[in-house]
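Here is the structure we will look at, set down as structure tokens.
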Ligand SMILES: [Zn+2]
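Numbering (the UniProt record's numbering), first residue to last: 1 to 135.
Shown next as structure tokens:
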């Protein structure tokens, strides 16, 4: 699949920090409860740290107590790409940025969280960049 932003891996490696590269480009996972946005309640927009595409809004962020920023809905469902992930002996749904293909996290459904969608987009802080709303 071709992404709108399609850079050679050497270029991503040069532009991102080693930690960012590991999560975004190698589908790594930051350690639970270590990400900078885990408990953030700031109003604003969360964008892809690799390409800047707008992905989530603070209104859909909720406290899941799972150790990673959790959202119940993307800002625009076409902003993310969902892919079946059979790694680590599990069947999960990987969430990627639809614009550059970078790994964001996973989405889980039916866990019983009191949210409008009953979905939890479990996203690595390091895959996101928060832009606080003005004023
Ligand atoms: Zn992106």
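Heads up, the beta-carbon is just placed ideally off N, CA and C, and yes, glycines get one too.
Since this is a predicted model, take the numbers as computed values, not measurements.
Grab me the residues of residue 21's own chain with a C-beta within less than 8 Å of its C-beta, minus the 5 sequence neighbours each way, in chain order.
Your numbering for residue 21 matches position 21 in the chain shown. Taken in chain order, the residues that qualify are 12, 13.
Other residues of its chain near residue 58: CB distance less than 7 Å, five sequence neighbours each side excluded:
Within the chain shown, the letter at position 58 stands for residue 58. 42, 43, 44, listed in sequence order.
Using only the alpha-carbon positions, how far apart do residue 106 and residue 86 sit?
Mapped onto the chain shown, residue 106 falls at position 106. Mapped onto the chain shown, residue 86 falls at position 86. Distance between the alpha carbons of residue 106 and residue 86: 12 Å.
Would you list, in sequence order, the uninterrupted beta strand (DSSP E) runs of no fewer than 3 residues that lie entirely inside the segment 38-104?
44-48, 54-57, 80-85, 92-97, all fully within the segment 38-104.
Same chain, Cβ closer than 6 Å to residue 4, neighbours up to 5 away in sequence not counted:
For the purposes of this step, residue 4 is taken as residue 4 along the chain shown, with counting starting at 1. Shown here for residue 4: same chain residues with a beta carbon closer than 6 Å to its own, the five before and five after excluded, namely 99 in chain order.
Do you know whose CA, among 30, 40, 23, lies nearest residue 131's CA?
Position 131 of the chain shown holds residue 131. Answer by Cα proximity: 40.
Which of the three DSSP states, helix, strand or coil, is assigned to residue 25?
As a position in the chain shown, residue 25 is number 25, starting the count at 1. Of the three classes helix, strand and coil, the one that applies to residue 25 here is helix, per DSSP.
Quiz: which residues have CB nearer than 5 Å to ligand 1 non-hydrogen atoms:
Ordered along the chain, residues surrounding ligand 1 are 48, 50, 51, 53, 97, 99, 100, 102 [Cβ under 5 Å from any heavy atom].
Do residue 10 and residue 25 have their C-beta atoms closer together than 8 Å?
Stepping through the chain shown from its first residue, residue 10 is reached at position 10. Stepping through the chain shown from its first residue, residue 25 is reached at position 25. Their beta carbons are not under 8 Å apart, which means residue 10 does not touch residue 25 by this criterion.
Following the continuous beta strand (DSSP E) through residue 120, name the residue where it begins and the one where it ends.
The residue you call residue 120 lines up with position 120 of the chain shown. For residue 120, the enclosing beta strand (DSSP E) covers residues 119-123.
Could you round the C-beta distance between residue 124 and residue 60 to whole angstroms and report it? I think they count as a contact, below 8 Å.
Taking the first residue of the chain shown as 1, we reach residue 124 at position 124. Taking the first residue of the chain shown as 1, we reach residue 60 at position 60. The pair is not a contact, with the Cβ atoms about 17 Å apart (cut-off 8 Å).
Cutting at 6 Å between CB atoms, please list the residues of its own chain near residue 32, excluding the five before and the five after it.
Counting from one through the chain shown, the residue named residue 32 turns up at place 32. Only 67 meet the Cβ criterion.
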